[in-house]
Each structure stands twice: as structure tokens, then as C-alpha cells.
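Chemist: What follows is a structure written as C-alpha cells; I'll ask about it next.
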Amino acid sequence: MEISRQEERRPGAAKISFPISLLSLTVGAFAIGMTEFVIMGILPNVAEDLNVSISAAGQLITLYALGVAVGAPILTLLTQRIPQKRLLIFLMLLFIAGNGISVFAPNYAVLMGARVLTALTHGTFFGVGAVIAANLVRPDKRAGAVSIMMAGLTIANILGVPLGTYIGQNMGWRASFGAIALMGVIALIGVAILIPRLPLEKAIGIRQQVAALIHPKLLVFLLICALGNAGLFAVFTYITPLLVDITGFAEHSVTWILVLFGIGVTVGNIIGGKLADWKLMPSILGTYAVIVLALTALTFTIHSEIAAVATIFVWGAGSFAVMPGLQVRIMSIAKGAPALASTSSHSAGNLGNAVGAFVGGWVITHLSLASLPWVGAVLVGLALAVGAGSMLSERRG
-14 MEISRQEERR PGAAKISFPI SLLSLTVGAF AIGMTEFVIM GILPNVAEDL NVSISAAGQL
46 ITLYALGVAV GAPILTLLTQ RIPQKRLLIF LMLLFIAGNG ISVFAPNYAV LMGARVLTAL
106 THGTFFGVGA VIAANLVRPD KRAGAVSIMM AGLTIANILG VPLGTYIGQN MGWRASFGAI
166 ALMGVIALIG VAILIPRLPL EKAIGIRQQV AALIHPKLLV FLLICALGNA GLFAVFTYIT
226 PLLVDITGFA EHSVTWILVL FGIGVTVGNI IGGKLADWKL MPSILGTYAV IVLALTALTF
286 TIHSEIAAVA TIFVWGAGSF AVMPGLQVRI MSIAKGAPAL ASTSSHSAGN LGNAVGAFVG
346 GWVITHLSLA SLPWVGAVLV GLALAVGAGS MLSERRG
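93 is the number that my numbering gives to position 108 of the sequence shown; each next residue is one higher, with no gaps.
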């Protein structure tokens, strides 16, 4: 399926910059963002209620990430013959079911199964949703459309996760998943009513899609995505001890700093979409350069409260500003399988998340907590170097 051809055939496409139907994708992304991250805020409550250790409860996060990384591309391949709107409805029904099971999970094993079930919808929703978003607008607005969908994920970090955590701490952790399931219902209604029925392109065989996925150029950009996310999560996973033990903030102040980080993420996501629509590769590389500079600066500013907060805002903005452009670039490379490629970018990103958290733990153990920002800068610097090498190679070719 070539997104450019679909776009050209869609009646009235040239007249609408950002149709209202994009908001249903934003709501779905918001719900998925809540279910991914809210578990971090209610982990002690879950562990106590189900009589498991904190470390065991933490595996609910690990298995979710693995579910996205491994399961999403498989689900995308298995559902390729389903029309896109119908597939989104199926995914939201699966999402609602997974969170509904979480509400009534009698034990740890059932809750784990429900989390994995929900994780399957994550990457596939964003993969298919990105293709739909790109097809709903003019060619020069695709990255902006993807950023509007992704805004749901960033807003979830600002509003959804704190709200879900508050609900879980005051009404029980099961109520948090109940609220998320309700958000899923709202997203389902929006998709059913607002998303148009786009023409289903001729199905491409699994072998051909996999061949498109293992194209060297695409693998390079999946590597860039993984390295960039590794740099992000090497630091972000341990942002609380950094701010408390090194900067000197009180623990309760960290919540508000994370809200500010989330605002930076949201602003960066929208600006990044506009920049990518203007100049795709220069915006991606330029944004990675900003992230490297911000993390390098954080090595020094982490010792000053005001400077640390300002640096963290810029870092958050840059870290998500790069994502819409990466999504569009990855979809444009894999013209034969844009949904699978877009889904795989989320798989690569989640693998990067896991690697980054692991690397961060290793750095704390063998170097120091204060070393995290410059190690994160090195990882993002590798993404920048690979991206620059790829662009130079294309120009020479």
C-alpha cells in the first residue's frame, strides 16, 4: 500500500489540512499511553494487593514492552487483509477487553496475561493509525498529522498518568484500569463514527512484506529509532533519583518536574511534525543534535535546580520532536508495507527502552548516578551518527 497513491485518490484530500477524524486517533493514543505508563505509579498498590514483590510486579512493565516489541509486528501481518477502519475497531475492542480483564484479575498471572493482550494492540494501533493519519491529509502535512495522533501519547504523560495514579492510590489500582477501559470505549466510538472507510489496497504476501521490512535502509532507521530511545530511557528511567539525590529536590517536587517534562514532550511533538513536513532528514538530524547537546548540558546543570529543570524541558521537547519525522521516513522507505514498518518502529523503540533502562542500571552500578546524562548523550550521538551516515550515503548514491 503506497500512502501517496491512497492520498491522491481520496476525494477532497487537498482541501483539508487536519480533519476532525484525527482526534479519534489522538484519543486512542491517549488511552494506550495511559495503560502503558500508569502501572509505574500504582506498582506498590498492585504488588501489595496481589501479594507479590515489587520486582515481580515490575515484570508487568517488562512483559508489556516485550508484547509490543514482538507481538505487534506479528499481529500486523496476521490482520493485513482487514480494512483499516475495521482493524482499528478490532484493536480497540481488544484493548477494552484487556483492561477490563485487568480490573477483575483475581491473581498476578491473569493480570500479566491481560497486560500482554493489551500490549498487542499498542504497536499495531500506532502503526496502522500512522498510515491512516498520513492518508487523511495532503502529502505536505503527513508528519504533522502523525504528530497530532502521537500527541495523545504525550498528553497521557501530562494528564492521564497522574490522573490514573491518583485514581489508583485513592480508589484502588483496579479503578485505574477501569478508567482506561472507559477511555478505550470513547476512542472506539470516535473511530467508528469519524474515521472514513479508506480503500483497501491489494494485499501483499507476508514474504514480500518481510522482504520490505528487512531492506537495509529501513533496518538502519529502525536502529536509529532504537538508539535514540535507548538514550532517552537510560536517563528517564532514573530521573527521580537524579533529581532527588543529585539536584536536591524534595521527592514530591519530582511530580511537577515530570509534568513540565511532559509539556515539553507535547510541544516538541507538534513542532517536530511541522519541521519534518518542511525538511524531513535535516529536521531529524538537527533534533538529534539538540538532544545530544541537552543531555551533555544536563551532566553539568543537574547540580543546579533551575538549570536542571530548564535543560530537562528542552531534552523532553527534543526527544519527542524527532518521532513524527522518523515515522514518516520509515513509512516512505517501506512503500510495500508501511503499516508493518510503522509498527516495527514502535517495536524497535520499545527494545530501545528496555536496552536504555538496562544500560542506565549498569552505569549506576559501575560508574555513578551522575554519569547517566553523558552516557545517554553518547547513545543518542550514535543515532545521530548513523542517520548522518545514511543521508550522506544517499546523496553520494
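Virtual Cβ for every residue (Gly too), placed ideally from N, Cα, C.
Tell me which residue opens and which closes the alpha helix (DSSP H) that Ile17 is part of.
Modeler: As a working note, residue 17 is residue 32 in the sequence shown. Here the alpha helix (DSSP H) through Ile17 covers 7 to 26.
Chemist: Considering just the uninterrupted stretch of the alpha helix (DSSP H) at Pro68, what are its terminal residues?
Modeler: By 1-based counting over the sequence shown, the position of residue 68 is 83. For Pro68, there is no enclosing alpha helix (DSSP H), since its DSSP letter is neither H nor E.
Chemist: Using three-state DSSP, classify His288 as helix, strand or coil.
Modeler: For the purposes of this step, residue 288 is identified with residue 303 of the sequence shown, where counting begins at 1. In this structure, His288 counts as coil in the three-state DSSP scheme.
Chemist: Suppose you measure from the CA of Val53 to the CA of Asn338; what does that come to, to the nearest Å?
Modeler: Taking the first residue of the sequence shown as 1, we reach residue 53 at position 68. Taking the first residue of the sequence shown as 1, we reach residue 338 at position 353. Taking the Cα positions, Val53 is about 11 Å away from Asn338.
Chemist: Using the Cα positions of Asn120 and Gly129, report the straight-line distance between them to the nearest angstrom.
Modeler: Here residue 120 is taken as the residue at index 135 of the sequence shown, counted from 1. Here residue 129 is taken as the residue at index 144 of the sequence shown, counted from 1. Distance between the alpha carbons of Asn120 and Gly129 is about 12 Å.
Chemist: Applying the 10 Å Cβ sphere with the 16-neighbour rule, what's the burial state of Arg66?
Modeler: The residue labelled residue 66 in the question sits at position 81 within the sequence shown. Under this definition Arg66 is an exposed residue.
Chemist: Within the same chain, show all residues whose beta-carbon is closer than 7 Å to that of Ile143, passing over the 5 residues directly before and after it, in chain order.
Modeler: On the sequence shown, position 158 is the one that residue 143 refers to. Residues Val244, Gly247, Ile248, Thr251 of the same chain have their beta carbon placed closer than 7 Å to that of Ile143, with the five preceding and five following residues left out of the count.
Chemist: Three or more C-beta pairs closer than 8 Å, one from the region 27 to 44 and one from the region 303 to 310: is that the case here?
Modeler: no
Chemist: Pro383: buried (16+ other C-beta within 10 angstroms of its C-beta) or exposed?
Modeler: With the chain covering -14 to 382 only, the question about residue 383 has no answer from this structure.
Chemist: Let me make sure I understand the geometry here. Which of Ile24, Leu367, Arg182, Leu51 has the alpha-carbon closest to that of Ile39?
Modeler: Within the sequence shown, residue 39 is the residue found at index 54, counting from 1. Per the Cα distances, Ile24.
Chemist: Please confirm whether Leu227 and Ser304 have their CB atoms less than 8 Å apart.
Modeler: Taking the first residue of the sequence shown as 1, we reach residue 227 at position 242. Taking the first residue of the sequence shown as 1, we reach residue 304 at position 319. No; because the gap between Cβ atoms is not below 8 Å, this pair is not in contact.
Chemist: Does the distance from the CB of Gly361 to the CB of Ala211 come in under 8 Å?
Modeler: Working through the sequence shown from its first residue, we reach residue 361 at position 376. Working through the sequence shown from its first residue, we reach residue 211 at position 226. Contact: no.
Chemist: Which one of Leu7, Ser375, Ile5 has the shortest CA to CA distance from Leu207?
Modeler: In the sequence shown, the residue the question calls residue 207 occupies position 222. Answer by Cα proximity: Ser375.
Chemist: Where are the alpha helix (DSSP H) runs, 4 residues long or more, that stay fully inside the region 78 to 123, in chain order?
Modeler: 93 to 120
Chemist: Could you tell me which uninterrupted alpha helix (DSSP H) segments, each at least 4 residues in length, are contained entirely in the region 258 to 337, listed from first to last along the chain?
Modeler: 265 to 286, 290 to 318
Chemist: Just checking Gly372 against the ligand GDP - is the residue's beta carbon closer than 7 Å to any of the ligand's heavy atoms?
Modeler: The ligand GDP is not among the ligands present in this structure, which contains no ligands whatsoever.
Chemist: Buried or exposed for Thr61, please, with buried defined as at least 16 other CB atoms from any protein chain shown within 10 angstroms of its CB.
Modeler: Locating residue 61 in the sequence shown gives position 76, where the first residue counts as 1. Its Cβ being crowded by 16 or more others within 10 Å, Thr61 is buried.
Chemist: Three or more C-beta pairs under 8 Å: does that hold for the region 278 to 295 against the region 169 to 178?
Modeler: no
Chemist: What is the rounded straight-line gap between the Cα of Ala104 and the Cα of Phe80?
Modeler: Locating residue 104 in the sequence shown gives position 119, where the first residue counts as 1. Locating residue 80 in the sequence shown gives position 95, where the first residue counts as 1. In a straight line, the C-alpha of Ala104 is about 8 Å away from that of Phe80.
Chemist: Taking its Cβ as the centre, do 16 or more other Cβ atoms sit within 10 Å of Pro58, making it buried, or is it exposed?
Modeler: Here residue 58 corresponds to residue number 73 of the sequence shown, with the count starting at 1. Buried is the call here.
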